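Enquirer:
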Amino acid sequence: MTGESAGPPPCGADLQRSHVDTGRARRRNRAAAVFLRGKRGIRHRVLGVPAARGSKRTLTVFDASVLVDAMVVAGPRGNDAREVLRDHHTLRVPSIFAAEAMSAVRSMHAREDISTGRARAALAGIRTVRTAQYGFEPLIERVWELRHNLTVYDGWYVALAETLGTSLVTADARLAEAPGPRCPVIEVSAFANSSPPPQRTAGEGGDDRQG
């Protein structure tokens, strides 16, 4: 996901628009809206419940576009994102994650793909979602190596996934198809509908947090 232009693309009739019939919009967006209720935002709505003590939870890096789709997009695209995030209690992400998610929401609102109310609810969710954030400096060299095929921000996601020995899940088809990454980069629809590739889990060697 890269700046303003890399937010989730318009989903046509799947997105709530302020000028459409209220009843139809309500029906189309019921699945998405349920994840935005409650005083604690999406903390326990989009993400899964905490893993039981001693259990192994898969580590996966998520592009901000996946969270945005889960919060504001109805239909199959949003359903896939929500299904994937239900399996994760904490998102492993670069520290730019929240800013990128907000940028995507801003773009969608500017295009009138979502209402002001939906945008504000999404921003509340961005503030409360659980994340384990990783800084840029340890990954600079690898991000530079990826410069011919990926932007700095996309390279940051890829380098983090490579460092953690896991996959990167994205809603950006261009990122999923880009050459250069040494880790699996999986479009969210494929990740939601198939078993994820083998990868390190929270119970296997090393700390999964940035030192």
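The opening position of the sequence shown corresponds to residue 727 in the working numbering, with each subsequent residue numbered one higher. All residues carry an ideal CB built from backbone N, CA and C; glycine is no exception. This one's a predicted model, so the numbers in the text were calculated from it and none came from an experiment.
Counting only the same chain and skipping the five closest in sequence on each side, list residues whose C-beta sits under 6 Å from that of Leu817.
Expert: Contacts found: Phe788 and Thr857.
Enquirer: So Tyr879 and Ile822 are in contact, right, with Cβ under 8 Å, and what is the actual spacing, rounded?
Expert: So it is a contact: roughly 6 Å between Cβ atoms.
Enquirer: Suppose contacts are defined by Cβ-Cβ distances below 8 Å. Is Leu894 in contact with Ala887 by that definition?
Expert: Yes, the Cβ-Cβ distance between Leu894 and Ala887 is below 8 Å.
Enquirer: Apart from the five residues on each side of it in sequence, which residues of its chain come closer than 8 Å, Cβ to Cβ, to Glu809?
Expert: Answer for Glu809: Ala918, listed in chain order.
Enquirer: Going by beta-carbon coordinates alone, are Leu785 and Ala796 separated by less than 8 Å?
Expert: Contact: no.
Enquirer: Please report the Cβ distance between Ala807 and Val831, rounded to the nearest whole angstrom; I am assuming they are in contact, meaning their Cβ atoms lie under 8 Å.
Expert: No, Ala807 and Val831 are not in contact; Cβ-Cβ is about 14 Å, not under 8 Å.
Enquirer: In whole angstroms, what separates the C-alpha of Ala848 from that of Pro802?
Expert: In a straight line, the C-alpha of Ala848 is about 19 Å away from that of Pro802.
Enquirer: Checking the sheet assignment: what are the DSSP bridge partners for Leu817?
Expert: Paired residue(s): Thr857.
Enquirer: When DSSP labels each residue in this structure, what does Leu894 get in the three-state scheme?
Expert: Correct three-state label for Leu894: strand.
Enquirer: By Cβ distance, which residues of its chain are closer than 7 Å to Thr889, with the 5 residues on each side in sequence left out?
Expert: The residues are Leu865.
Enquirer: So what's Glu913 in DSSP terms, helix, strand or just coil?
Expert: Strand.
Enquirer: If you follow the alpha helix (DSSP H) that Val799 is part of, which residue opens it and which one closes it?
Expert: Where Val799 is concerned, there is no enclosing alpha helix (DSSP H), given that its DSSP letter is neither H nor E.
Enquirer: Report the residue from Ala899, Gly906, His874 and Glu863 whose alpha carbon sits nearest the alpha carbon of Val884.
Expert: Minimum Cα distance to Val884 is reached at Gly906.
Enquirer: Thinking C-beta only, is Cys909 closer than 8 Å to Thr896?
Expert: Their beta carbons are not under 8 Å apart, which means Thr896 does not touch Cys909 by this criterion.
Enquirer: Between the alpha carbons of Ala899 and Val914, how many angstroms are there, rounded?
Expert: The alpha-carbon atoms of Ala899 and Val914 are separated by roughly 9 Å.
Enquirer: In terms of DSSP beta bridges, what is Val787 paired with?
Expert: DSSP, once it has assigned bridges, lists Arg818 and Leu894 as partnering Val787.
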